[in-house]
Structures are given as C-alpha cells and as structure tokens.
Amino acid sequence: MTADLWTWALPLVLMLGAGLASGFAAGLFGIGGGFVVVPVLFIMLPLLGGTPESLAHVAIGTSLATILVTSLRSVQAHARRGAVDFALLKAWAPWIVLGVAAGVLLAARVSGAMLALIFGAGVAVMALHFLFPILANRHLRDELPGGLARVGIAGGIGAFSSLLGIGGGTIAIIVMTLCGKDIHRAIATASGVGFLIAVPGTLGFIAIGLGAPDLPSGSLGYINLPATLAIVSTSIISAPWGAATAHRLPAAVLRPVFGLYLLFVAFTMVRNGLGG
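Per full-length UniProt numbering, the sequence shown starts with residue 1, numbered consecutively.
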C-alpha cells in the first residue's frame with residue numbers, strides 16, 4: 001500500500017500543479033492550457049506505465065479532455081463580463097468540429113514520435129508569436145471573413161489544435177485581432193473556441209485509442225482519467241483568476257516569459273520525438 005501511494009504521489013503533485021498553471025493560462029491568454037498540460041503529461045505518464053509509443057497520443061488526448069472543462073470555466077468567467085462573441089462561435093462551430101475530426105483521424109495514423117515532433121514544431125511557432133508579436137497591433141480588415149475563408153480558418157484551427165492537444169486560442173486571437181476585434185474580446189471568445197475543439201477532440205481520442213495495448217493505468221482510449229480529473233480539479237479554480245487578470249493587466253507583461261517557456265517546451269518535445 002505504501003509503495004502504491006508513493007507511485008501516485010509525484011504524478012498527483014505534477015498534475016495538480018499543471019492544472020493550476022493551465023487554468024490560469026487559459027483565462028489570461030484565452031488558450032486551452034495544452035501548452036502547459038502536454039509537457040507535464042510527458043513527464044508524468046511514464047510513471048503510470050504504458051509504452052513510449054502510446055505516450056504522445058495519451059498526452060495529447062488527455063490534454064484535450066482537460067481543456068474541455070478549463071475552457072468552459074474560462075468562457076463562463078469572461079461571459080460574466082459580456083466579452084464573449086457568441087455569434088462568432090456559432091458561425092465557426094461546424095467548421096471547427098470538422099477540422100478536429102480531420103486532425104484526430106490524422107493522429108490515429110502517425111507514430112508517437114511524429115506526433116511529438118508535430119507538437120514541438122507547432123509550439124515553436126507559437127513561441128515566436130509570443131516573443132515577437134509582430135501581428136499584435138496589425139489591422140488588416142474591419143471584420144472577419146465569411147464563405148470559404150471562414151471554412152479554411154475555422155477548420156484549420158480545429159485540425160491543428162487537435163493534433164497538438166491545445167485549445168487553438170492563440171491562433172484564434174491572432175485572426176480576430178487582425179480583423180479588428182478588441183484584444184480583450186478576442187481573448188474571451190478564444191476560450192470558447194477551446195471548448196468547441198475539446199468536445200469532439202476528446203471523443204475522437206477515446207475512439208481511436210480503444211483497444212490500444214499497454215496504455216498507462218486508468219486510461220480510456222487515449223484519455224487518462226486520473227490525470228484528467230486531477231488537472232481539472234485545480235484548473236477550474238485558477239481559470240477565473242487568469243480571466244480577472246486579463247481584464248486588469250496588459251497581457252504583454254507576461255508574453256515574453258510565456259514565449260521563453262514555449263521555446264523550452266518545443267525543444268524538449270522535438271528532442272523527445274527524435275529519440276534524444
């Protein structure tokens with residue numbers, strides 16, 4: 001019994017801490033928290049068993065499951081301030097869901113090492129945006145595009161995000177601010193984008209992981225339930241803190257620090273994917 005407790009002690013501490021950090025990041029930056037959760041899961045999941053091949057898929061899938069709750073909590077906090085553009089979310093929703101479905105189908109066909117490389121490359125791009133926000137103050141047009149452009153934007157966000165286990169908030173914020181949205185309204189609405197991605201993404205990673213051999217203890221498909229519950233239990237507490245901070249503190253104050261963190265994560269994940 002004592003040995004079992006120690007086996008779970010470190011993973012539990014890591015998961016609870018990741019939940020606090022991801023919830024705060026979700027509220028502050030409008031992201032789903034996957035940039036925080038996935039790296040922690042790569043450290044924690046081997047302690048629960050499973051094979052290296054399944055590690056990336058379970059980390060990505062579990063991250064999406066935590067985002068489902070984190071982003072919902074975040075969007076509720078922003079909605080109380082009247083900052084969420086629900087009309088935009090409704091217009092984007094069907095194309096985001098289709099994009100997520102495409103991303104999940106692709107994830108089912110790539111190796112764990114390739115998935116880690118995809119995550120690392122995607123995070124590196126996001127890191128550069130946080131460190132050098134050359135698009136932050138640009139304004140290309142006064143409204144968001146419709147038609148095929150809308151399909152491409154929303155579907156692309158869904159596909160890319162489901163492959164990385166993120167809520168797609170950073171990309172959504174860039175698009176919205178380029179098209180004239182106020183930054184605070186963009187952050188608030190992006191938290192809703194995370195929820196739209198997380199619901200089909202979670203179901204998809206459960207489905208493609210059913211029957212997979214040698215998964216970490218407590219996994220349902222590619223979703224690790226103990227990790228999900230532990231991370232969610234603290235993220236729902238800290239998400240409103242991040243949302244409140246976003247309305248009081250210019251996000252630019254924390255952008256460079258977060259960007260450096262993302263660069264470190266990108267390096268670590270690419271190295272992992274290359275077997276280094």
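Even glycine gets a Cβ: it sits at the ideal position worked out from N, Cα and C.
Query: Candidates Met15, Ile153 and Arg248, of which the one nearest Trp95 by Cα; Result: Ile153
Query: Beta-carbon separation (whole angstroms), Ser71 vs Phe195, contact threshold 8 Å; Result: 4 Å
Query: Length of the line joining the Cα atoms of Gly34 and Thr62; Result: 9 Å
Query: Pairwise C-alpha distance: Leu274 and residue 277; Result: This structure leaves residue 277 out entirely; the chain is present only between 1 and 276.
Query: Own chain partners of Val97 with C-beta closer than 6 Å, once the 5 adjacent residues on each side are dropped; Result: Pro200
Query: 8 Å contact criterion, which Ser162 and Val75 should meet: CB distance rounded; Result: That belief does not hold up - the Cβ atoms of Ser162 and Val75 are roughly 19 Å apart, past 8 Å.
Query: Per-residue burial, Gly120 [other beta carbons within 10 Å of its own, 16 or more giving buried]; Result: buried
Query: In DSSP terms, what Leu220 is bridged to; Result: Ile223
Query: Spatially closest choice to Leu210 from Gly158, Asn224 and Ala198, by CA coordinates; Result: Asn224
Query: Per-residue DSSP class, three states only, for Gly19; Result: helix
Query: Three-state class that DSSP yields for residue 278 in the structure shown; Result: Residue 278 is absent from the structure shown; the chain starts at 1 and stops at 276.
Query: Contacting residues, own chain, Cβ-Cβ under 6 Å from Gly50 (five flanking each side not counted); Result: Asp214, Leu215 and Pro216
Query: Secondary structure of Glu143, DSSP reduced to three states; Result: coil
Query: CA nearest to the CA of Ser191, picked from Leu88, Ser111 and Ile60; Result: Leu88
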